[in-house]
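Residues in the sequence shown are numbered from 1 upward in steps of one, following my numbering. Let me begin by presenting the structure, written as structure tokens, before commenting on it.
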Amino acid sequence: MKKNITKGLACPSLFKISLKMKLTTLLLIVSLFEIHANSYSQNTKVSLNLKNATVEQVFREIESKTEFKFLYKNKDVELNRKVSILVKKKNINEVLDELFKGTKIDFKVYENRQVILSLQPESKAVDQKKSSEGALISDGQNLIVVSGIVINERGELLAGANIKAKGSSVATQTAANGSFSIKVPDNVTKLVVSYIGMEEQEVAIGKSPLTIVLKEIGQKMDEVVLLVMGPKRRPILQDLFQTLPRKN
Numbered sequence: 001m002k003k004n005i006t007k008g009l010a011c012p013s014l015f016k017i018s019l020k021m022k023l024t025t026l027l028l029i030v031s032l033f034e035i036h037a038n039s040y041s042q043n044t045k046v047s048l049n050l051k052n053a054t055v056e057q058v059f060r061e062i063e064s065k066t067e068f069k070f071l072y073k074n075k076d077v078e079l080n081r082k083v084s085i086l087v088k089k090k091n092i093n094e095v096l097d098e099l100f101k102g103t104k105i106d107f108k109v110y111e112n113r114q115v116i117l118s119l120q121p122e123s124k125a126v127d128q129k130k131s132s133e134g135a136l137i138s139d140g141q142n143l144i145v146v147s148g149i150v151i152n153e154r155g156e157l158l159a160g161a162n163i164k165a166k167g168s169s170v171a172t173q174t175a176a177n178g179s180f181s182i183k184v185p186d187n188v189t190k191l192v193v194s195y196i197g198m199e200e201q202e203v204a205i206g207k208s209p210l211t212i213v214l215k216e217i218g219q220k221m222d223e224v225v226l227l228v229m230g231p232k233r234r235p236i237l238q239d240l241f242q243t244l245p246r247k248n
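Below, the structure is given as structure tokens:
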């Protein structure tokens, strides 16, 4: 009697289900990393009692007590400025608000526990300032307030997204919770919204608050790119991406 032996038989549907399960598991892991990172920023309490210390010494003290890492340009931050700071069990945002009160320093606390410091944009209260796109902003020009949030297609809040009034020099970024508020000249009709890894989008200014959904830049069909947020201290956009080749 002949035996029918089937070799190498593969079920495409089972493969697809298996691939979906793997991707779902990976996305779940990424989400857990993000939740953990957000809770770390909110729940980590910092206590400082420094007198006549330099700003750089304050940075080092915070880094020694936490997993936060400060990134900045030396020309932007006055590292030798002497400060006295007394805080007890405050989160990182409250501590930095106290440290940079009355200065021109902006800060952003990111999910990977990096704190990015930068100079505030130049004052908008100028008699007449020409932006790179050629629009004029005058001191007496009427302004309107536009607010809202920026999310991705999965409904996740995007911190650090760039918001710019089209045709003017007015710009801002979203806060850690994805929200923004910007004053724009009343003749501006659109906002230009951009974010790393997302398609730039022009949004008509309507009734606030706005909910702006950014789409990911199209990926190649033979690879899936995952952003893994972890506690390791590494430069932004370096060593954060893992590329998983698609199985044939």
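Ideal Cβ positions, reconstructed from N, Cα and C, are used throughout, including at glycine. Just so you know, these numbers come straight off a predicted model, no measurement behind them.
Local Cβ density within 10 Å of residue i, reported as buried at 16 or more and exposed below that
| i | result |
| --- | --- |
| Lys220 | Note on Lys220: pLDDT 43, under 50, position unreliable in the model; the coordinate value appears next. It counts as exposed. |
| Tyr195 | buried |
| Gly178 | buried |
| Arg113 | buried |
| Lys207 | exposed |
| Ala159 | buried |
| Ala161 | buried |
| Glu153 | exposed |
| Pro185 | buried |
| Gln242 | Any reading at Gln242 must be qualified, since the residue scores a pLDDT of 46, below 50, and its modelled position is unreliable; no value is offered. |
| Gly102 | exposed |
| Leu79 | exposed |
| Val264 | One cannot answer for residue 264 here, as it falls past the ends of the chain, which runs 1 to 248. |
| Val115 | buried |
| Val145 | exposed |
| Ile217 | exposed |
| Ser168 | buried |
| Glu202 | exposed |
| Leu200 | For clarity, residue 200 is Glu in the given sequence; the question names Leu instead. Burial call: exposed. |
N- and C-terminal bounds of the beta strand (DSSP E) containing residue i
| i | result |
| --- | --- |
| Gln173 | 171-173 |
| Lys183 | 179-185 |
| Val203 | 201-204 |
Beta-bridge partners of residue i, as assigned by DSSP
| i | result |
| --- | --- |
| Phe70 | Val115 |
| Gln57 | For Gln57, which the question treats as bridged, DSSP gives no partner whatsoever. |
| Leu210 | Gly148 |
| Lys108 | Ile116 |
| Leu86 | Asn49 |
| Asn162 | Gln173, Ser194 |
| Glu216 | Met198 |
| Leu285 | No information on residue 285 is available, as it lies outside the stretch 1 to 248 that the chain covers here. |
| Leu157 | Ile151 |
Nearest-angstrom Cβ-Cβ length linking residue i and residue j, presumed shorter than 8 Å
| i | j | result |
| --- | --- | --- |
| Val46 | Lys65 | 6 Å |
| Leu143 | Lys183 | 4 Å |
| Asn49 | Leu99 | That pair is no contact at about 13 Å. |
| Ile149 | Thr211 | 6 Å |
| Val188 | Ala165 | 4 Å |
| Lys88 | Asn52 | That pair is no contact at about 19 Å. |
| Lys104 | Leu119 | 6 Å |
Residue i, enclosing alpha helix (DSSP H) - first and last residue
| i | result |
| --- | --- |
| Leu96 | 92-99 |
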